[in-house]
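Here's the structure, in structure tokens; my notes come after.
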Amino acid sequence: MKSVYTKALYDRRSFIIGWTVALTAISILMTSFYPAMHQEGVIDQLMKQMPPALQGLIGNLNNLSHFDTYIAAQLFDIRISLIAGIMSIILALGLSTREEESGELRTILALPVSRTKMLFQKWLALCTIMAVTAMGLVVGIYAVLPFIDNASIEYAQMARLVAMTILIMICYGTITFAAGMASGKRAVASFVGVFTIIGSFLLSTFSVAVDWLKDYEKFSLLNYFPAVDIVSNGIELRDVIVLTSIIIITLGIAWVLFRQRDIA
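In my numbering, the protein residues as written are 97 to 360.
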């Protein structure tokens, strides 16, 4: 019999391939846009026309002048943070509630597999899938870079970006996964996941223009994923501690509740 971990990976092989290809395509597209943004006068024109209320959706336009900050702001900070969140919800729901809804979970637990082992192996599968799909971003960027003049990003910068991207993807996924394993209800897990991701996105996006939202930005997970700062200044230990703590706490709560509750 396959382990819970390998079964989870095998059952989601199409998901892994599909999302890896999708993230690769998105990174190719955004990397290809850089020459148009880098043309003389384009940034100045955008700065004159950009309403302050929309700056959070576009980011600091000064970041468009260099490829490393451009890709950090336009791909990782704005788009991937939301797209990866959606992917995380879909994956976490599949790993946490699908088998229980179909009745398969009761059959699996009748085998010599403890609830603790099942939970943590499913979570490890989630982490593995996040890491594999995130590699699509690297492939897409470096596939296009040789064809773009005056565009480069250091390997260390890319490594930092991808590492923190994987961490926040795992954080997103763990929150939804934990809600699903703890409750056994897809509706509960979906609400928790969507609320976390959309709430974080809205807080981080509109706090730039709405003063009273700035006091609440600390509750946004994206506040601990400052992509441009990661490229320019490195990874802040505080950000790693916060995201890791959320992962550990939510997974711990799920472990306690999943061991005690009845399986539908």
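Even glycine gets a Cβ: it sits at the ideal position worked out from N, Cα and C.
query                                                                                                                                                                           : result
Can you list, in chain order, the residues of its chain with a C-beta nearer than 7 angstroms to that of R355? Leave out the 5 residues immediately preceding and following it. : R211, T212
By the 10 Å Cβ neighbour count, where 16 or more other Cβ atoms means buried, how is F315 classified, buried or exposed?                                                        : exposed
Report the CB separation of L189 from A278 in whole angstroms; it is logged as a contact under 8 angstroms.                                                                     : In fact, because the Cβ distance is near 13 angstroms, the residues do not count as touching under 8 angstroms.
Distance check for T272 and M97, CA to CA, integer angstroms please.                                                                                                            : At M97 the pLDDT is 44, less than 50, meaning the model places this residue with poor confidence and gives no usable figure here.
Is the separation between the beta-carbon of E196 and that of G280 shorter than 7 angstroms?                                                                                    : yes
On the CB-based measure, 16 or more other CB atoms within 10 Å of its CB, does F287 come out buried or exposed?                                                                 : exposed
Going by CA-CA distance only, name the one from V336, V258, A274 that's closest to S177.                                                                                        : V258
How big is the Cα-Cα spacing for G114 and A230?                                                                                                                                 : 12 angstroms
What did DSSP end up calling R357 once you bin it into helix, strand or coil?                                                                                                   : coil
By how many angstroms is the C-alpha of D245 removed from the C-alpha of S128?                                                                                                  : 11 angstroms
I'd like to check one pair, E313 with S303: are the Cβ atoms closer than 7 angstroms?                                                                                           : yes
Please list the terminal residues of the continuous alpha helix (DSSP H) segment that includes G269.                                                                            : 251 to 279
Measuring only the C-alpha atoms, how far is I179 from S161?                                                                                                                    : 24 angstroms
Please report the distance separating the alpha-carbon of I167 from that of Q253.                                                                                               : 11 angstroms
Would you identify the three-state DSSP class for M97, choosing helix, strand or coil?                                                                                          : Caution applies to M97, whose pLDDT of 44 falls short of 50 and renders its modelled position unreliable; the model cannot decide the point.
Measure the alpha-carbon distance for Y251 versus M126 and round it to whole angstroms.                                                                                         : 18 angstroms
Exposed or buried, which one is G348 when buried takes at least 16 other CB atoms within 10 Å?                                                                                  : exposed
Given a threshold of 16 other Cβ atoms within 10 Å of its Cβ, counted over all protein chains shown, does R357 qualify as buried or as exposed?                                 : exposed
By how many angstroms is the C-alpha of K103 removed from the C-alpha of V228?                                                                                                  : 16 angstroms
Should T193 be labelled buried (16 or more other beta-carbon atoms within 10 Å of its own) or exposed?                                                                          : buried
Restricting to Cα atoms, I'd like to know which of Y320, L333, D173, I343 is closest to A275.                                                                                   : I343
Can you name, in chain order, every residue of its own chain whose Cβ lies under 6 angstroms from the Cβ of L263, other than the five neighbours on each side?                  : L339
Using the beta-carbon count (16 or more within 10 Å), is F172 buried or exposed?                                                                                                : buried
Classify I185: buried if its beta carbon has 16 or more other beta carbons within 10 angstroms, exposed otherwise.                                                              : buried
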